[in-house]
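Participant:
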Amino acid sequence: MSDDPEFQYDDVEPLPISSDQEGELCQIMYDEEYRTVMGIARALLQRLEFSERALYATSQAIELVPAFYTMWNYRFQIVRTLYGADGVKLNCELDWLDEFTLNNPKNYQIWSYRQALLQLHPSPEFQRELPILQSMIDEDTKNYHVWSYRRWCVLFFREFSNELQFASSLIARDVYNNSAWCHRMFVLKNQVREGPPSEVLTGELHYTKKQIEIAPQNISSWNYLRGLYDEFLDGEADPAIIEFALSFAPGIFAVDISDFSSQIQSSYALEFLAHAYAKNKDTFAQARKAYQALSDHYDPIRKNFWAYKIRSLTT
Amino acid sequence: MENLKLNKEGHVSYIKSLDSKRQDYEYWLSEHLRLNGVYWGLTALCLLDAKDTFNKQEIIEFVRSCWDSKTGGFSAFPGHDAHIHTTLSGIQVLATYNALDEVLAGEMLKQCISFIKDNQLSDGSFQGDRFGEVDARFVYSALSALSILGALTPEVVDPAVAFIKLCYNFDGGFGLCPGAESHAAMSFTCIGALAIVGKLGELSADQIENIGWWLCERQVPEGGLNGRPSKQPDVCYSWWVLSSLAIIRKLDWISFEKLREFILKSQDPKSGGISDRPDNEVDVFHTIFGLAGLSLMGYDGLVEIDPVYCMPTSVTKTFKKYPY
Numbered sequence: 001m002s003d004d005p006e007f008q009y010d011d012v013e014p015l016p017i018s019s020d021q022e023g024e025l026c027q028i029m030y031d032e033e034y035r036t037v038m039g040i041a042r043a044l045l046q047r048l049e050f051s052e053r054a055l056y057a058t059s060q061a062i063e064l065v066p067a068f069y070t071m072w073n074y075r076f077q078i079v080r081t082l083y084g085a086d087g088v089k090l091n092c093e094l095d096w097l098d099e100f101t102l103n104n105p106k107n108y109q110i111w112s113y114r115q116a117l118l119q120l121h122p123s124p125e126f127q128r129e130l131p132i133l134q135s136m137i138d139e140d141t142k143n144y145h146v147w148s149y150r151r152w153c154v155l156f157f158r159e160f161s162n163e164l165q166f167a168s169s170l171i172a173r174d175v176y177n178n179s180a181w182c183h184r185m186f187v188l189k190n191q192v193r194e195g196p197p198s199e200v201l202t203g204e205l206h207y208t209k210k211q212i213e214i215a216p217q218n219i220s221s222w223n224y225l226r227g228l229y230d231e232f233l234d235g236e237a238d239p240a241i242i243e244f245a246l247s248f249a250p251g252i253f254a255v256d257i258s259d260f261s262s263q264i265q266s267s268y269a270l271e272f273l274a275h276a277y278a279k280n281k282d283t284f285a286q287a288r289k290a291y292q293a294l295s296d297h298y299d300p301i302r303k304n305f306w307a308y309k310i311r312s313l314t315t
Numbered sequence: 001m002e003n004l005k006l007n008k009e010g011h012v013s014y015i016k017s018l019d020s021k022r023q024d025y026e027y028w029l030s031e032h033l034r035l036n037g038v039y040w041g042l043t044a045l046c047l048l049d050a051k052d053t054f055n056k057q058e059i060i061e062f063v064r065s066c067w068d069s070k071t072g073g074f075s076a077f078p079g080h081d082a083h084i085h086t087t088l089s090g091i092q093v094l095a096t097y098n099a100l101d102e103v104l105a106g107e108m109l110k111q112c113i114s115f116i117k118d119n120q121l122s123d124g125s126f127q128g129d130r131f132g133e134v135d136a137r138f139v140y141s142a143l144s145a146l147s148i149l150g151a152l153t154p155e156v157v158d159p160a161v162a163f164i165k166l167c168y169n170f171d172g173g174f175g176l177c178p179g180a181e182s183h184a185a186m187s188f189t190c191i192g193a194l195a196i197v198g199k200l201g202e203l204s205a206d207q208i209e210n211i212g213w214w215l216c217e218r219q220v221p222e223g224g225l226n227g228r229p230s231k232q233p234d235v236c237y238s239w240w241v242l243s244s245l246a247i248i249r250k251l252d253w254i255s256f257e258k259l260r261e262f263i264l265k266s267q268d269p270k271s272g273g274i275s276d277r278p279d280n281e282v283d284v285f286h287t288i289f290g291l292a293g294l295s296l297m298g299y300d301g302l303v304e305i306d307p308v309y310c311m312p313t314s315v316t317k318t319f320k321k322y323p324y
């Protein structure tokens with residue numbers, strides 16, 4: 001604590017760590033720092049001191065133990081008490097948080113703390129959040145908390161206009177990024193209450209087919225395609241999409257059932273077809289064949305599941 | 001593969017050793033998870049039929065010392081704030097020792113029930129504590145804790161069920177909150193919570209099948225399970241995925257042999273413990289969830305675990321079933 005001369009804690013009796021045991025005489029170096037920093041921060045917390053030095057003490061404690069949620073809660077109380085709805089001060093706090101976030105990408109208290117700050121802020125801006133969101137996504141393109149925070153911002157600011165494009169930029173970097181595909185679905189389901197307009201849907205179908213052509217064996221793009229049909233198109237696959245899926249498993253329905261040695265480009269295409277064929281009695285035979293091929297050849301680890309699907313065709 | 005064997009003695013001694021590391025920096029760094037860690041360790045010992053490895057009285061005293069009388073819940077460690085998740089862990093440990101009545105009675109019990117209920121929000125979800133995050137994990141924690149205490153009511157259950165249903169996604173998985181990407185751990189919290197309150201019937205047959213499909217899709221060709229599409233397999237999903245499948249009675253959609261192989265390869269053959277995947281550092285979290293997965297598959301003579309509560313069935317069979 002002595003590295004910042006601005007704050008004095010001489011009047012604070014550090015709280016001891018409560019489970020101090022005998023036989024711990026051989027301390028490693030960190031322990032002393034830990035004891036002092038935590039001792040002072042907890043003593044201030046106990047007396048609920050809301051001051052600049054208390055704020056500083058919480059940053060010291062949080063830097064040592066980023067997941068110490070009690071300290072985050074205390075820090076928020078301090079900020080609310082000291083700064084209230086002072087936008088300039090809250091921006092300084094957001095600056096501190098940006099820096100901390102960059103150094104602690106795996107921590108997740110940062111995101112709920114950030115939400116609390118924005119809700120307190122008199123004039124929050126999505127624009128201000130974009131750089132940190134971008135840096136964090138660059139660091140880990142599937143970080144669950146970063147995507148969650150982005151969605152929260154989109155809903156908080158009701159600002160959807162850049163989101164499909166943002167998801168596309170991530171998919172362009174990694175077509176297998178399931179988080180980015182799910183972000184698209186989130187936009188489609190939330191931007192317009194009545195569901196996406198038909199030109200948006202057409203655009204999405206076109207986009208998805210293009211991405212599948214780039215990487216046919218990709219569960220995320222096929223799930224999204226099936227999602228588009230199930231959510232917005234009554235689940236009815238049209239002849240054009242059937243033909244599209246067939247192009248990744250050419251000839252599969254022509255060969256004899258015992259001869260599935262042919263290489264197909266995508267087992268997910270076969271699943272998509274089976275799913276569509278299983279909806280109509282007239283195409284049960286094709287569905288059965290597709291499931292059998294998955295079970296025997298293309299996805300044998302799930303053979304019990306495929307057997308179940310075949311059984312349910314007869315009922 | 002035939003020579004892969006569950007290192008039972010190793011795991012027992014690994015868990016036993018955890019509390020003797022107080023001089024390590026990591027021990028202090030994990031203070032905010034300590035009570036959860038006790039629950040994970042104790043449950044793992046129960047599965048290994050070595051419950052007596054921990055000193056019962058000491059553990060009960062520790063749980064007692066985590067009581068936060070200000071808010072009325074258990075914290076991870078004395079001096080921390082009470083939290084829904086650690087409150088569940090405290091209750092689970094006490095229930096496992098059949099010590100709930102002894103520790104959590106009278107005013108204290110009333111306070112604890114209000115603490116949990118007061119963290120429910122108007123949309124049916126729960127926050128972890130007064131300031132914290134809101135998501136499906138805490139809905140599970142809250143409903144499980146209230147269920148063990150026999151204190152569920154329709155006022156709590158019905159909105160919680162409505163919230164969980166909103167977390168269901170187009171792909172057959174569940175997200176952390178409505179609109180969030182499907183994640184296997186959330187399948188467990190959502191399906192487990194529905195099972196606890198007897199509301200699995202709220203899901204349609206098609207939904208159950210899609211859920212089962214999404215879950216069994218988590219198995220990668222090498223045998224392990226991942227938490228999301230195109231992610232690496234991790235031993236902890238042996239629990240999140242298998243428990244969910246067990247609850248909806250589709251456990252056989254996973255290839256048991258291959259998963260067992262993946263879990264056993266993630267053991268530390270010398271000092272015990274299980275890691276997230278082969279050749280990584282072991283920890284108590286992956287140790288319990290690896291063992292729990294093996295137990296669900298009925299392997300290696302492990303004690304039977306309840307897929308809904310993640311506790312031995314010998315303990316959970318005494319819980320009152322909602323609706324009461």
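Keeping their order, the protein sequence lines are chains A and B. Per UniProt numbering, the first sequence starts with residue 1, numbered consecutively. Per UniProt numbering, the second sequence starts with residue 1, numbered consecutively. Positions of the beta carbon are idealized from the N, C-alpha and C atoms, including for glycine. Since the model is a prediction, treat every value here as computed from it, not as a measurement.
1) On the premise that C177 of chain B lies in contact with D118 of chain B, defined as a C-beta separation below 8 Å, what is that separation, rounded to the nearest angstrom?
2) Between H85 of chain B and E199 of chain A, what straight-line distance do the alpha-carbon atoms span, to the nearest angstrom?
3) Using a C-beta cutoff of 8 Å, does N178 of chain A count as contacting chain B?
4) For I310 of chain A and F319 of chain B, what's the separation of their Cα atoms in angstroms?
5) Using alpha carbons as the reference points, say which of A:T141, A:E163, A:F232 and A:F166 lies closest to K231 of chain B.
6) Establish whether the CB of W96 of chain A and some CB of chain B are separated by less than 8 Å.
7) What residue from B:D158, B:S144, B:V103 and B:P269 has the CA that sits closest to L121 of chain B's CA?
8) Using a Cβ cut-off of 8 Å (strictly closer), state whether Y83 of chain A contacts chain B.
9) So, under 8 Å CB-CB, M311 of chain B and T43 of chain B are touching, yes? Tell me the CB distance rounded to an integer number of Å.
10) Assuming A57 of chain A contacts I40 of chain A (C-beta within less than 8 Å), just tell me the rounded distance between them.
11) Does the beta carbon of M1 of chain A come closer than 8 Å to any beta carbon on chain B?
12) Starting from G293 of chain B, follow the alpha helix (DSSP H) in both directions and report where the run begins and ends.
13) Determine contact between the segment 137 to 149 of chain B and the segment 98 to 107 of chain A, defined as no fewer than three beta-carbon pairs at a distance below 8 Å.
14) Please classify I137 of chain A as buried or exposed, where buried requires at least 16 other C-beta atoms within 10 Å of its C-beta.
15) Using a 10 Å radius around the Cβ and a threshold of 16 neighbouring Cβ atoms, would you call G84 of chain A buried or exposed?
16) Report yes or no: do the segment 272 to 284 of chain B and the segment 244 to 255 of chain B share at least 3 C-beta pairs separated by less than 8 Å?
17) Can you give me the C-alpha to C-alpha distance between H286 of chain B and L233 of chain A, rounded to a whole angstrom?
18) Please name the residue in A:N177, A:E63, A:P250 and A:Q263 whose C-alpha comes closest to that of W222 of chain A.
19) Please name the residue in B:K165, B:L264 and B:S275 whose C-alpha comes closest to that of S295 of chain B.
20) Entirely within the segment 251 to 297 of chain A and at least 4 residues each: give me those alpha helix (DSSP H) ranges in chain order.
21) How big is the Cα-Cα spacing for L259 of chain B and G223 of chain B?
22) Suppose contacts are defined by Cβ-Cβ distances below 8 Å. Is V154 of chain A in contact with L133 of chain A by that definition?
23) In whole angstroms, what is the alpha-carbon distance linking S125 of chain B and I191 of chain B?
24) Could you name the residues of the segment 56 to 71 of chain A whose beta carbon sits closer than 7 Å to any beta carbon of chain B, in the order they occur along the chain?
25) Please go through the same chain and pick out, in chain order, the residues whose beta-carbon is closer than 6 Å to the beta-carbon of D68 of chain B, but skip the five residues on each side of it.
26) At a CB-CB cut-off below 7 Å, which residues of chain A make contact with residue 325 of chain B?
27) Rounded to whole angstroms, what is the Cα-Cα separation between A290 of chain A and F253 of chain A?
28) Which class does F174 of chain B belong to by DSSP, given the choice of helix, strand or coil?
29) Does L233 of chain A come out as helix, strand or coil in the three-state DSSP assignment?
30) By Cβ distance below 8 Å, which residues in the same chain neighbour L149 of chain B in space, the five residues on each side in sequence not counted?
31) Considering just the uninterrupted stretch of the alpha helix (DSSP H) at Y322 of chain B, what are its terminal residues?
32) Can you grab the Cα-Cα spacing for the pair G23 of chain A / E261 of chain B, in whole Å?
33) Do T208 of chain A and L228 of chain A come within 8 Å of each other at the CB atom, strictly closer than that value?
34) Around the Cβ of H206 of chain A, are there at least 16 other Cβ atoms within 10 angstroms (buried) or fewer (exposed)?
35) By Cβ distance, which residues of its chain are closer than 6 Å to A292 of chain B, with the 5 residues on each side in sequence left out?
36) I'd like to know if S17 of chain B contacts chain A, where contact means its C-beta is closer than 8 Å to some C-beta of that chain.
Facilitator: The short version:
1) For the purposes of this step, residue 118 of chain B is taken as the residue at position 118 of the second sequence. For the purposes of this step, residue 177 of chain B is taken as the residue at position 177 of the second sequence. Not really, about 20 Å apart at Cβ, beyond 8 Å.
2) As a first step, residue 85 of chain B is located in the second sequence; it is residue number 85 there, counting from the start. As a first step, residue 199 of chain A is located in the first sequence; it is residue number 199 there, counting from the start. If you take the alpha carbons of H85 of chain B and E199 of chain A, they lie about 45 Å apart.
3) Residue mapping note: residue 178 of chain A aligns to position 178 of the first sequence, counting from 1. Yes, N178 of chain A lies at the interface with chain B (some Cβ there is under 8 Å from its Cβ).
4) Within the first sequence, the letter at position 310 stands for residue 310 of chain A. Within the second sequence, the letter at position 319 stands for residue 319 of chain B. Looking at the two C-alpha atoms, the distance is approximately 39 Å.
5) As a position in the second sequence, residue 231 of chain B is number 231, starting the count at 1. K231 of chain B has its Cα closest to that of A:T141, out of A:T141, A:E163, A:F232 and A:F166.
6) In the first sequence, counting from the first residue as 1, residue 96 of chain A sits at position 96. Put simply, the CB of W96 of chain A is far from chain B, with every gap to its CB atoms at 8 Å or more.
7) As a working note, residue 121 of chain B is residue 121 in the second sequence. Closest by alpha carbon: B:D158.
8) By 1-based counting over the first sequence, the position of residue 83 of chain A is 83. Not closer than 8 Å to any Cβ of chain B, the Cβ of Y83 of chain A fails to qualify, so no.
9) On the second sequence, position 311 is the one that residue 311 of chain B refers to. On the second sequence, position 43 is the one that residue 43 of chain B refers to. M311 of chain B to T43 of chain B, Cβ: 6 Å. Contact.
10) As a working mapping, residue 57 of chain A is identified with position 57 in the first sequence. As a working mapping, residue 40 of chain A is identified with position 40 in the first sequence. The pair is a contact, with the Cβ atoms about 5 Å apart (cut-off 8 Å).
11) In the first sequence, counting from the first residue as 1, residue 1 of chain A sits at position 1. Confidence is the limiting factor: at M1 of chain A the pLDDT is only 46, short of 50, which leaves the residue's position unreliable and the question unanswerable from this model.
12) Translated into positions along the second sequence, residue 293 of chain B becomes position 293. Note, G293 of chain B: alpha helix (DSSP H), V284 to L296.
13) no
14) Taking the first sequence and counting its residues from 1, one reaches residue 137 of chain A at position 137. So I137 of chain A ends up on the buried side.
15) One-based indexing of the first sequence puts residue 84 of chain A at position 84. Exposed is the call here.
16) no
17) In the second sequence, the residue the question calls residue 286 of chain B occupies position 286. In the first sequence, the residue the question calls residue 233 of chain A occupies position 233. The alpha-carbon atoms of H286 of chain B and L233 of chain A are separated by roughly 42 Å.
18) Walking along the first sequence from the start, residue 222 of chain A turns up at place 222. When each option's Cα is compared against that of W222 of chain A, the closest is A:N177.
19) Taking the first residue of the second sequence as position 1, residue 295 of chain B is located at position 295. The option with the nearest alpha carbon to S295 of chain B is B:L264.
20) 267 to 277 and 284 to 293
21) One-based indexing of the second sequence puts residue 259 of chain B at position 259. One-based indexing of the second sequence puts residue 223 of chain B at position 223. The alpha-carbon atoms of L259 of chain B and G223 of chain B are separated by roughly 5 Å.
22) Position 154 of the first sequence, counted from the start, is the residue given in the question as residue 154 of chain A. Position 133 of the first sequence, counted from the start, is the residue given in the question as residue 133 of chain A. No, the Cβ-Cβ distance between V154 of chain A and L133 of chain A is not below 8 Å.
23) Along the second sequence, one-based indexing puts residue 125 of chain B at 125. Along the second sequence, one-based indexing puts residue 191 of chain B at 191. Each residue's Cα considered, the two are about 15 Å apart.
24) V65, A67, F68, Y69 and T70
25) Residue mapping note: residue 68 of chain B aligns to position 68 of the second sequence, counting from 1. Only S75 and A82 meet the Cβ criterion.
26) Nothing can be reported for residue 325 of chain B, as the shown portion of chain B is limited to 1 through 324.
27) In the first sequence, the residue the question calls residue 290 of chain A occupies position 290. In the first sequence, the residue the question calls residue 253 of chain A occupies position 253. Cα to Cα, the separation comes out at about 8 Å.
28) Start at 1 with the first residue of the second sequence, and residue 174 of chain B comes out as number 174. Looking at F174 of chain B - three-state DSSP - the assignment turns out to be strand.
29) In the first sequence, counting from the first residue as 1, residue 233 of chain A sits at position 233. Coil, per DSSP.
30) Stepping through the second sequence from its first residue, residue 149 of chain B is reached at position 149. Closer than 8 Å at the Cβ level, and outside the excluded window around L149 of chain B, lie I91, L100, L104, L109, C112 and I113.
31) Start at 1 with the first residue of the second sequence, and residue 322 of chain B comes out as number 322. Careful: Y322 of chain B lies outside any alpha helix (DSSP H) and carries neither H nor E.
32) As a first step, residue 23 of chain A is located in the first sequence; it is residue number 23 there, counting from the start. As a first step, residue 261 of chain B is located in the second sequence; it is residue number 261 there, counting from the start. Note that G23 of chain A scores 37 on pLDDT, short of 50, meaning its location in the model is unreliable; the coordinates nonetheless yield the value given after this. If I take the Cα positions, the gap works out to 42 Å.
33) As a working mapping, residue 228 of chain A is identified with position 228 in the first sequence. As a working mapping, residue 208 of chain A is identified with position 208 in the first sequence. Taking 8 Å as the Cβ cut-off, L228 of chain A and T208 of chain A qualify as a contacting pair.
34) As a position in the first sequence, residue 206 of chain A is number 206, starting the count at 1. Classification of H206 of chain A: exposed, given that the 10 Å Cβ count is below 16.
35) Along the second sequence, read from residue 1 onward, the residue named residue 292 of chain B stands at position 292. Cβ within range, chain order: W239 and I305.
36) Mapped onto the second sequence, residue 17 of chain B falls at position 17. No, no contact with chain A.
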